[in-house]
Amino acid sequence: MIRQWQLARRSLPYGERNLVLGVLNVTPDSFSDGGQFFSLERAIAHAEQMASEGADLIDIGGESTRPGSEPVSDTEEMRRVIPVIKKLVANVTVPISIDTTKSSLARAALEAGAEIVNDISGLRFDPQIAYEVANANAGLILMHSRGTPKTMQHLPPVDNVMKEVIDGLRESISFARQRGVTSPSIAIDPGIGFGKTAEQNLALIADLEQLAGEFSDFPVVIGTSRKSFIGKLLDNAPADQRLYGTIASTVVAAMNGAHIVRVHDVKAAVDALRIVDPIARARRES
11 MIRQWQLARR
21 SLPYGERNLV
31 LGVLNVTPDS
41 FSDGGQFFSL
51 ERAIAHAEQM
61 ASEGADLIDI
71 GGESTRPGSE
81 PVSDTEEMRR
91 VIPVIKKLVA
101 NVTVPISIDT
111 TKSSLARAAL
121 EAGAEIVNDI
131 SGLRFDPQIA
141 YEVANANAGL
151 ILMHSRGTPK
161 TMQHLPPVDN
171 VMKEVIDGLR
181 ESISFARQRG
191 VTSPSIAIDP
201 GIGFGKTAEQ
211 NLALIADLEQ
221 LAGEFSDFPV
231 VIGTSRKSFI
241 GKLLDNAPAD
251 QRLYGTIAST
261 VVAAMNGAHI
271 VRVHDVKAAV
281 DALRIVDPIA
291 RARRES
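Numbers given in the working numbering equal positions in the sequence shown, counted from 1, plus 10.
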């Protein structure tokens, strides 16, 4: 069934096929590609390449959220991302998402032309983000996470990770709605890797259909790309050698109920999903 995700200046259909959200890190220290696209010229070129390879959306982040990372100031994050957003809005037609936990950044990014705010904290760090999203009628991705990027991998694991994720996302959705964000604007993300063990990440992907059923009114975003649990399963492979593991996890997530996959390697994901989507469609119709 095709449904619509409401963004700032358009609605995006989802449900017939998986959408691809390309990752653009304009940071010097991201775990997967730190520094690679830190200059404005390289960032723009990479975003344009992802759009040409079939990305349906582009997610721009100016602050690393890798385990153990330190936060950066609002001013520095703004300096990194706003020029990129302004340039991209003029150069590509796909919607732009800002990956931030700061309301000042969300507001500036939306004013610069972004149409989605992707909040890894699910509004825990800066609740004012909800008001900025509501004022702009923008899209909002609410992700489940525990602790902060600096502490999340040191927290004791929860006993029932699916219950933890469902309860946390329900709370985030309720909070957003109370502050004026409309339900058709909201997407959810279980937060693979954010305060979960490697085994819990695998369980969430395996049981993603349950999560999608619990939140049937919202598109489900999944981000496994190059994450450490993949490296762990591949004999501690470094981030730049996790492509095949990423594609495998992306394919399973797509078969199990995801609507949007967040990836660094757009062309590989697009090609994989061109096979997966019709198979998943045939399974639903059989």
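Beta carbons: idealized from backbone N, C-alpha and C, even for Gly. This structure is a prediction, so every number in the text was calculated from the model and none was measured.
Residue j beta carbon less than 8 Å from that of residue i
i	j	result
Leu115	Asp69	no
Asn128	Ile151	yes
Ala65	Val276	yes
Ser193	Gly132	no
Ala146	Phe185	no
Ala222	Ile270	no
Thr158	Asp136	no
Ile126	Gly149	yes
Ile5	Glu142	Coverage of the chain is limited to positions 11 through 296, which leaves residue 5 absent and any answer about it impossible.
Leu98	Ala57	yes
Ala279	Val30	yes
Leu67	Pro105	yes
Ala144	Arg189	yes
Asn28	Asp227	no
Leu218	Ala268	yes
Thr260	Ala282	yes
Per-residue burial, residue i [other beta carbons within 10 Å of its own, 16 or more giving buried]
i	result
Ala100	exposed
Thr161	exposed
Ala216	exposed
Phe41	Below a pLDDT of 50, predicted positions are generally treated as unreliable, and Phe41, at 48, falls in that range; no measurement from the model is reported.
Asp199	buried
Tyr254	exposed
Thr154	For clarity, residue 154 is His in the given sequence; the question names Thr instead. Buried, since its Cβ has 16 or more Cβ neighbours within 10 Å.
Lys173	exposed
Glu87	buried
Ala124	buried
Gly25	exposed
Pro166	exposed
Ala264	buried
Ala292	exposed
Asp109	buried
Met60	buried
Ile202	buried
Thr2	As displayed, the chain neither begins before 11 nor continues past 296, which places residue 2 out of reach and without an answer.
Glu80	exposed
N-terminal and C-terminal residue of the alpha helix (DSSP H) that residue i is part of
i	result
Val280	Val276 to Glu295
Gly255	Leu253 to Met265
Leu244	Note, Leu244: premise wrong, no alpha helix (DSSP H); not H, not E.
Ile202	Note, Ile202: premise wrong, no alpha helix (DSSP H); not H, not E.
Leu165	It is not in any alpha helix (DSSP H) - Leu165 carries neither H nor E in the DSSP assignment.
Residues that residue i bridges to, as DSSP identifies them
i	result
Leu221	Looking at the DSSP assignment, Leu221 forms no beta bridge with any residue, so it has no partner.
Ser235	DSSP lists no partner for Ser235.
Ile151	Asn128 and Ala197
Pro23	Gln14
Val230	Ile198
For residue i, the first and last residue of its enclosing beta strand (DSSP E)
i	result
Arg187	First-last for Arg187: Val171 to Gln188, but that is the alpha helix (DSSP H), not the beta strand (DSSP E).
Ile196	Ile196 to Asp199
Ile12	Premise fails: Ile12 is in no beta strand (DSSP E) and is neither H nor E.
Val273	Ile270 to Val273
Leu34	Leu29 to Asn35
Contact test: residue i Cβ vs the ligand SAH heavy atom, cutoff 7 Å
i	result
Asp69	The ligand SAH is not part of the structure shown, which contains no ligands of any sort.
Any C-beta of chain D under 8 Å from that of residue i
i	result
Gln188	This model lacks chain D altogether, as it is built from one protein chain only.
(request) Go through the region 61-139 residue by residue and report every complete run of the alpha helix (DSSP H) that reaches 4 residues or more, in order. (result) 84-101 and 113-122
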